[in-house]
Amino acid sequence: MASTTKAKRFVLAASVTAITIAGTLYGAGVKTDQEVTQTTQKSHEATIDERIGVLRNTRQNLASKKELVERQIHDLDARIEDRKQKALDQTNQGPLSNR
């Protein structure tokens, strides 16, 4: 009899846990769907001026990233040239020191 009560408690606890998890997942899915719908609706309702503003901001951000990448490429090219020059200097000095 005690084991039947324990089994019933276990089944009840597992059922409540399963229902809670399922409800949480369902609720999160509904909320996500609502957020997507709101975002889509806002983008459709945005005026031309707002869209232009967003695009200008995006363009400015991309331009600054482009400048950063170009600077990094320039610095990398300079380091490569410096290493090549050092390698040439070492090659030229090597045979002279052996004589």
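If you want the working numbering, it's the position in the sequence shown, counting the first as 1, plus 1236.
Where is the CB? At the ideal position from N, CA and C, for every residue including glycine.
- In the structure shown, T1273 adopts helical secondary structure according to DSSP, grouped into three states.
- Secondary structure of T1283 (DSSP, three-state): coil.
- Annotation: K1322 to S1300 spans about 33 Å, alpha carbon to alpha carbon.
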